[in-house]
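A.B. asks: Input: one structure, supplied below.
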Amino acid sequence: MGTSLADMTAINPTDHQDIIDLLSATELEEVMELSCDILKKLLQADAAAIFMWDTDLESISDRLIAADKNKDFKTLAESFARAFDPSLFSDDKGTINRKARIFVDELPDDLDLSVQRSVLKHLGDIIVVRMMMQADGGSDADQDEDDDVEEELKAIALLSGRDLDVENAAATIAGYPLALALSRSFEISELQRENERLRGQYEEIEDKTSSMEEQTRKLIHDITARDSIRMKQLERERLVYWISNAVRSSVHIQEVLDMTVEKLGNQFSVSRAVLFRADEMGNVPEVFEFIQTGVSSVKHLFLTDEGQEFVRQALSKESPESIENPEYDERCIYNRDFLKQMQITSGLIVPLVMRTRVLGALFLQDLNAARDWSIDDISLIGSLADNLSVAIENAELHQERERQAVTDGLTGVANRRAFNESLQKEFERAKRYDQPLSLVVVDLDFLKKINDKYGHTAGDEAIKSIGSVLRQSSRSIDFPARYGGEEFCLLLPNTEIDMAEQLAERLRRLINEVTLEGHGAISASLGVASFPLHADSAETLFLKADEALYSAKEGGRNCVRVATAQAIKPTPIV
4 MGTSLADMTA
14 INPTDHQDII
24 DLLSATELEE
34 VMELSCDILK
44 KLLQADAAAI
54 FMWDTDLESI
64 SDRLIAADKN
74 KDFKTLAESF
84 ARAFDPSLFS
94 DDKGTINRKA
104 RIFVDELPDD
114 LDLSVQRSVL
124 KHLGDIIVVR
134 MMMQADGGSD
144 ADQDEDDDVE
154 EELKAIALLS
164 GRDLDVENAA
174 ATIAGYPLAL
184 ALSRSFEISE
194 LQRENERLRG
204 QYEEIEDKTS
214 SMEEQTRKLI
224 HDITARDSIR
234 MKQLERERLV
244 YWISNAVRSS
254 VHIQEVLDMT
264 VEKLGNQFSV
274 SRAVLFRADE
284 MGNVPEVFEF
294 IQTGVSSVKH
304 LFLTDEGQEF
314 VRQALSKESP
324 ESIENPEYDE
334 RCIYNRDFLK
344 QMQITSGLIV
354 PLVMRTRVLG
364 ALFLQDLNAA
374 RDWSIDDISL
384 IGSLADNLSV
394 AIENAELHQE
404 RERQAVTDGL
414 TGVANRRAFN
424 ESLQKEFERA
434 KRYDQPLSLV
444 VVDLDFLKKI
454 NDKYGHTAGD
464 EAIKSIGSVL
474 RQSSRSIDFP
484 ARYGGEEFCL
494 LLPNTEIDMA
504 EQLAERLRRL
514 INEVTLEGHG
524 AISASLGVAS
534 FPLHADSAET
544 LFLKADEALY
554 SAKEGGRNCV
564 RVATAQAIKP
574 TPIV
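Sequence positions in the sequence shown follow the working numbering and run 4 to 577.
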C-alpha cells in the first residue's frame, strides 16, 4: 500500500520531499505535524488540526493543533473534538486515492459547537477533511469497482483560512498519502501503548509475586521460630500484667505512660519508644518518649507542622502498621523526609483505640536494624495498647471530674472555690513582683423581680448570659468566676485601675445589650478595686470591690463605681 508513480508525477516536484518525509516518519505526533503542514500548504490555510479516530472506541483519540498563536482556532478545534459525530456527515461522494477516500465538507449546522459566531466569522472559511480507508481485506480492484466496499474513518482534519477552495480541495489532497501515513502511525502508536500496558501488568504481577514471597518468608520464619521465643513471650506477658496493675492502681496517667514507654523500649530492645496522646481534633497535646543511651530525642519533631501531619495520618489507622527504612521504601505512605529526620531503620505504629475513638499511638523505632515484627510481637503490643487506652480514658474522666469541681455548672466559668484560690495566688504574685492587680465584682440587677415575674428559668438564663459575656470578653490572662447567686468576679492581673474601670464599663454595656424574652434588656452593677491603690491584702481587695458594688447599687444600678483609695498611714516623726 503506498503512493503510485502516477500519483507522484501528478504532484509538484518540489513537494516530493514532503511525501518522502511523511512516509518515512513513524511517530504519530511527527506524522500529524507533517500532515498539518502539507494541508496548510496545499489549501493555503491559516491553521490546521488533525484528529485520529479510534474505531473501537468510536471517539477521537490523539490530536494535534497547528495554529501558532491563533487562540480562536484552538478553541474551535477543542470544541470540535468534543462535539464530532460521524453521522452528521454524508459519505455520498469523495475522491479516491488507492485504498483511501477523501471527503471535504463545510461545518455541519447540526454540530453542537460551544463557540460564538463572531469567532467563526473571524476565522474565515472552515472545512472538515475526513480520511477514510478500506477495512482490512479489501483490494484496490474492489475499491475501483464497488463503491459499497466497507470503509473506516481514520482521521479528520480541520482547516481555516480566507477563500479556501472547498470544491477542489479533495482532488488536491488526494495526491498525498495522508490517510495511509496517519493510519499506519496510529496503528504503531496503539501497538506501543498496548505493549506498555502489558509491560505494566507484568511488572505489577512481579511486584505482587515478590510481596507474596516476602509475606510467605515472614510466615515461615514466625512458625519455625515460635519455640525459641516462648521464654521471651513469658517475660512480655509479665509486662502486660504490670501495666494492667499500674492502670488499675493509678490515676496519674503521666506516670503510667512514662513508665510504660520505658518498659516497652527495654523489653523490645528498640532505640526509641514514643507515645503520643491526641485530643478530639487529632492534635498532639502530650508526647512521652524513652530513648536508649546515645540516642537523640525526637519529641520536638512531633510538635512541628510535619509532625502534626504525621500524627494525624497515623491516627487515621485503627490497626498496627510496620514502617521500613524510609531511605529505600518508595511504597511508604508517610512523609519519608520526616521519618528520615528520626534516622529510623524500621518501626511499628500501634494505635490506642477505645471503642471508636483513637486516643493516641505507640511508635516503636529501631535505628540499627530492619526488624521483622512478628505476629506475636504485634499481638502483645496490641494488648498493651488496649490497657493504655483504658488508662487514658480513666485519666480523662478523672480530669473532667477535677474540672467540674472548680467550674460553675450553670455558667461554665470558675466557681467560688477556684476564684478564692486564684485570688490568693495572683495577689501573692502581684505583691512579690510589685505589679498591679484589679478586681471587678459584677451583680445582676433585679434578679428577684425576673424570677418572680418570669420564673426561675428566665433568671437562670440571665445569669448564664452574664457568664457568657465574661467568658467571651475576658483576656487570656483574666480569671472570670461566679461567686454565688447573681454575683460574679473578674480578676485582672497586671492591670491598673484606669484600665480596669474601662474594662468594667465595657462589660456593663455588653451585659446591657443582652435581652430576655418578655423582660427586655438586663443590666448589672459593677464595683472595681485595685492593689495596691485600694488594698494591701486579698481580703481587703475583695471587700473594697464589694463596697464599690454596693455604691453602684445605691447609685441607681446599671453603672460602674470605683472603690475609694485607702488612707495612707502617716509616718511617725522620730
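The beta carbon of each residue, even a glycine, is placed where N, CA and C say it ideally should be. All values reported here derive from a predicted model rather than from experimental measurement.
1) Which one of ARG200, GLN295, GLU504, LEU391 has the shortest CA to CA distance from LEU242?
2) Can you tell me where the beta strand (DSSP E) holding ASP57 begins and where it ends?
3) How is PRO180 classed by DSSP in three states: helix, strand or coil?
4) Can you list, in chain order, the residues of its chain whose CB lies under 8 Å from that of PHE279, leaving out five sequence neighbours each side?
5) Could you please give the first and the last residue of the uninterrupted alpha helix (DSSP H) stretch that includes GLN137?
6) So, do the stretch 422-436 and the stretch 498-513 have three or more beta carbon pairs nearer to each other than 8 Å?
7) If we ignore side chains and look at the alpha-carbon of each, how far apart do ALA174 and ASP168 end up?
8) Is the stretch 77-87 close to the stretch 118-125, with three or more CB pairs under 8 Å?
9) In chain order, what residues of the same chain have a beta carbon less than 6 Å from the beta carbon of ALA48, not counting five sequence neighbours either side?
10) Assign LYS157 to one of three DSSP states: helix, strand, or coil.
11) Ignore the nearest five residues each way along the sequence and tell me which others in GLU508's own chain have a CB closer than 6 Å to its CB.
12) Is the CB-CB distance between GLY530 and VAL444 below 8 Å?
13) Taking 8 Å as the cut-off, does the stretch 342-356 touch the stretch 378-388 (at least 3 CB pairs, one atom from each stretch)?
14) Can you tell me which of ALA86, PHE422, MET215 puts its alpha carbon nearest to the alpha carbon of PRO111?
15) Leaving aside the five residues before and after HIS522 along the sequence, list all residues of the same chain whose C-beta is less than 7 Å from its C-beta, in chain order.
16) Could you check whether the stretch 371-380 touches the stretch 296-305, counting it as contact only if at least three pairs of C-beta atoms, one from each stretch, sit closer than 8 Å?
17) Count the other C-beta atoms from every protein chain shown that fall within 10 angstroms of the C-beta of HIS125, then say buried if there are 16 or more, exposed otherwise.
18) Given 8 Å as the limit, is there contact between the stretch 470-482 and the stretch 508-517, that is, 3 or more CB pairs closer than that?
19) Need the endpoints of the beta strand (DSSP E) that ASP108 sits in, please.
20) Grab me the residues of ASN328's own chain with a C-beta within less than 7 Å of its C-beta, minus the 5 sequence neighbours each way, in chain order.
21) Name the one or two DSSP bridge partners that SER381 has.
22) From ALA172 to ARG196, what distance separates their C-alpha atoms?
23) Between the C-alpha atoms of GLY127 and LEU91, what's the straight-line distance to the nearest angstrom?
24) How many whole angstroms separate the CB atoms of LEU185 and MET135, which I take to be in contact at a CB cut-off of 8 Å?
25) Just the C-alpha distance for MET345 and ASP332, rounded to the nearest angstrom, thanks.
C.D. replies: The relevant details are as follows:
1) LEU391
2) 50-57
3) coil
4) VAL287, GLU289, VAL290, PHE291, PHE305, VAL314, GLY363, ALA364, PHE366
5) It is not in any alpha helix (DSSP H) - GLN137 instead sits in the beta strand (DSSP E) that spans 128-137.
6) no
7) 11 Å
8) yes
9) LEU162, GLY164
10) strand
11) VAL563
12) yes
13) yes
14) ALA86
15) ILE453, TYR457, ALA461
16) no
17) exposed
18) yes
19) 103-109
20) THR348, SER349, ALA373
21) In the sequence as displayed, the identity of residue 381 is Ile instead of Ser. Its beta-bridge partners do not exist; DSSP assigns none.
22) 34 Å
23) 22 Å
24) At roughly 12 Å, the Cβ-Cβ gap does not stay under 8 Å, so LEU185 and MET135 are not in contact.
25) 15 Å
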